[in-house]
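Heads up, the thing below is written out as structure tokens.
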Amino acid sequence: MDTAFYARVFTALFDGLWITIFLLVTTSIAGNAAALGVALARSSQRAVVRLPAIAFIEVIRGTPLLVQMFIIYYGLGQFREVRASFLWPILREPLWCAFIALTISTAAYSGEVLRAAIQNVPRGLTEAGKSMGMGKWQIRLTIVLPLAIRQSLPVLANETVLLLKASAIVFTITVRDIMGEANILRSQTFRVYEPLLAAAVLYLSLTFVIRQGFGLLEGRMNRHLLRSPAKSAVALPEAR
Amino acid sequence: MKPTDPFVLLGFGEGGWGWTLMAGTWVTVQIAVLSYLLGLAIGLIGAWAKLKGPAPARFVAEGYTTVVQGLPDILVILIIYYGGTSAIRDLASLVSPGVEIEINAFAAGVTALAVICGTYTTGVFRAAFMAVPRGQSEAALALGLHPLQVFAKVTLPQAMRLAAAPLGNVWLVTLKDAALISVVGIRDLVGTAASGAAYSRQPFTFYMAVAAIFLVLSLVSMGLKAWVERRAYKPGMRA
Chain A
1 MDTAFYARVF
11 TALFDGLWIT
21 IFLLVTTSIA
31 GNAAALGVAL
41 ARSSQRAVVR
51 LPAIAFIEVI
61 RGTPLLVQMF
71 IIYYGLGQFR
81 EVRASFLWPI
91 LREPLWCAFI
101 ALTISTAAYS
111 GEVLRAAIQN
121 VPRGLTEAGK
131 SMGMGKWQIR
141 LTIVLPLAIR
151 QSLPVLANET
161 VLLLKASAIV
171 FTITVRDIMG
181 EANILRSQTF
191 RVYEPLLAAA
201 VLYLSLTFVI
211 RQGFGLLEGR
221 MNRHLLRSPA
231 KSAVALPEAR
Chain B
241 MKPTDPFVLL
251 GFGEGGWGWT
261 LMAGTWVTVQ
271 IAVLSYLLGL
281 AIGLIGAWAK
291 LKGPAPARFV
301 AEGYTTVVQG
311 LPDILVILII
321 YYGGTSAIRD
331 LASLVSPGVE
341 IEINAFAAGV
351 TALAVICGTY
361 TTGVFRAAFM
371 AVPRGQSEAA
381 LALGLHPLQV
391 FAKVTLPQAM
401 RLAAAPLGNV
411 WLVTLKDAAL
421 ISVVGIRDLV
431 GTAASGAAYS
441 RQPFTFYMAV
451 AAIFLVLSLV
461 SMGLKAWVER
471 RAYKPGMRA
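Residue numbers (the working numbering), protein chains in the order written: chain A, 1 to 240; chain B, 241 to 479.
Structure follows, in structure tokens:
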């Protein structure tokens, strides 16, 4: 047994795991927050707001994330103005560029999911809000969005798994996530199976954790739906 | 002095990378189309294994879709490219030591993308075949058709109509996935653009061109997809 080698694989991938988790958590928070804005803009009545949102979604979903990330990381540095600007310390960092690219991508993909959910909110509910004298934004924030978010949770669980999978390409801009560490080990030690298969096990575990986590969240957000059967179950005479 | 004007750099004249990028685009399209077709075949087999296959086949199919869909596409590509290469080398050296085998990167890339695409198509075909009412195949069997005839003339055509829209989505995903193939050193669209970017030191110009080409390919695909869906739709079809 080559203990030293396995210890090295373990510690390296563990370091990478934190980068992957960090990217996943930060981009899903920032990306889904931005997605709310994109979804609201996309379902706006006014063309000035709606058309840019449609263009944004189509362009981001119509081009590979890898290319978008290359444009941000390799591309923007081409301009002297960018290199001289205050943004350069951020755009120079691969991790920040990975964060930006993944956030933009999540905003577009989740935005489209939320848009569908927003349009599925029954009109009667918003009309009821209007007749109660609620303002436009009050209706959006307290009626439409909570319902839309709850409705799209199963899809967003899938989107998060897809985000995890997509995040693996950040190693191409030298971020050392799980994939990056595995690839470095592979090229340094010429041992293919162990690093790549260990990375595979890590990714499968993370996928499992995400699915379980969203399952819990879904149960929690829908618990009002479960309450009535639960009550009736309690009301049944207990056989002791 | 190397040109920095994007119209010269991306053009087809002297010092222009236009033809090179076109050749790269052609490679990308070939890879995407081949792996999509192969993925469709995998999907049919996978759906058969899941719906009608014997227990071991069902188990293998379930394992295949669960594992591959839980892995990043780029990792699947690297595992198949590097893992497959060294597995074949190890096997070859067992048979006849000292033999050097070069694995075609193109073939490895197409295989990897097809394996990924196959997980999606398996799900699509499975759902489509399940949506065809059982009475249809039972009626055909009762009329004395051979089971293969039932499949080819009754079940498959109806399932394909239902599968048309989701299969179009799978194509759009596969097309974008083809961009990942450059990681194993294939001179596809992204690969040639990377050379151009390194040579001219104008990465923004080149990667924007790549994004534009992908966007055009996506938009054309979406037009085709809408056309196919219109053709596939029959009034009263159960979605």
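Glycine included, C-beta positions come from ideal geometry on N, C-alpha and C.
- Residues 41 of the same chain have their beta carbon placed closer than 7 Å to that of residue 49/A, with the five preceding and five following residues left out of the count.
- Under the 8 Å criterion on CB atoms, residue 458/B is classed as interfacial with respect to chain A.
- In this structure, the alpha-carbon of residue 288/B lies about 17 Å from that of residue 386/B.
- Residues of the region 44-65 of chain A that bring their beta carbon within less than 9 Å of a beta carbon in chain B comprise 58, 59, 61, 62, 63, 64, 65, in sequence order.
- Segment contact: the region 180-187 of chain A against the region 23-37 of chain A, fewer than three CB-CB distances shorter than 8 Å; contact not assigned.
- A Cβ-Cβ contact shorter than 8 Å links residue 328/B with residue 343/B.
- Under the Cβ criterion (8 Å, minimum of three pairs), the region 84-103 of chain A counts as touching the region 58-70 of chain A.
- Around the beta carbon of residue 365/B, 16 or more other beta carbons sit within 10 angstroms, so the residue counts as buried.
- With a cutoff of 8 Å on beta-carbon distance, residue 279/B and residue 358/B are scored as near each other.
- Between residue 181/A and residue 65/A, the CB-CB gap reaches or exceeds 8 Å.
- Residues of the region 74-89 of chain A with a C-beta less than 8 Å from any C-beta of chain B: 74, 75, 76, 77, 78, 79, listed in chain order.
- Contact check for residue 431/B against residue 422/B passes: the beta carbons are separated by less than 8 Å.
- If you keep only unbroken alpha helix (DSSP H) runs of at least 4 residues inside the region 137-184 of chain A, you get 145-167.
- Identification of chain A residues near residue 448/B by a Cβ-Cβ cut-off of 8 Å yields 71, 75, ordered along the chain.
- Under the DSSP assignment, residue 425/B falls outside any alpha helix (DSSP H); it carries neither an H nor an E label.
- Shown here, residue 344/B sits in coil according to DSSP, grouped into three states, outside any helix or strand.
- Boundaries of the alpha helix (DSSP H) harbouring residue 272/B: 258-291, taken from the DSSP string.
- The contact set of residue 204/A on chain B, defined by CB atoms closer than 8 Å, consists of 307, 310, 311 in chain order.
- One alpha carbon belongs to residue 282/B, the other to residue 276/B, and they sit about 10 Å apart.
- Put simply, the backbone Cα of residue 265/B is about 12 Å away from that of residue 273/B.
- Cα atoms of residue 114/A and residue 435/B: separation of roughly 39 Å, rounded to the nearest angstrom.
- Following the DSSP letters along the chain, one finds residue 27/A inside the alpha helix (DSSP H) bounded by residues 3-42.
- Of all residues in the region 108-136 of chain A, none places a beta-carbon less than 7 Å from a beta-carbon of chain B.
- For the C-beta of residue 104/A, not a single chain B residue is nearer than 9 Å; the gap to the nearest is close to 13 Å.
- For residue 247/B, the closest Cβ of chain A is not nearer than 8 Å.
- With contacts defined as CB atoms closer than 8 Å, residue 428/B and residue 437/B fail to qualify as a contacting pair.
- When Cβ-Cβ separations below 8 Å define contact, residue 318/B makes contact with chain A.
- In terms of beta-carbon proximity, residue 376/B stays away from the interface with chain A, with every pair separated by 8 Å or more.
- Against chain B, the beta carbon of residue 42/A has no neighbour under 8 Å; the closest one sits roughly 17 Å away.
- Every unbroken stretch of the alpha helix (DSSP H) spanning 4 or more residues and falling wholly within the region 386-412 of chain B is given here in chain order: 387-390.
- Listed along chain A, no residue sits closer than 8 Å to residue 424/B by beta-carbon distance, the nearest being about 11 Å off.
- At a beta-carbon threshold of 8 Å, the residues of chain B lying near residue 67/A are 419, 430, 447, 450, 451, 454, ordered along the chain.
- Under the Cβ distance rule, residue 220/A does not count among the residues neighbouring chain B, no pair being separated by less than 8 Å.
- When rounded, the separation of the alpha-carbon atoms in residue 59/A and residue 133/A is 39 Å.
- Annotation: residue 397/B to residue 73/A spans about 47 Å, alpha carbon to alpha carbon.
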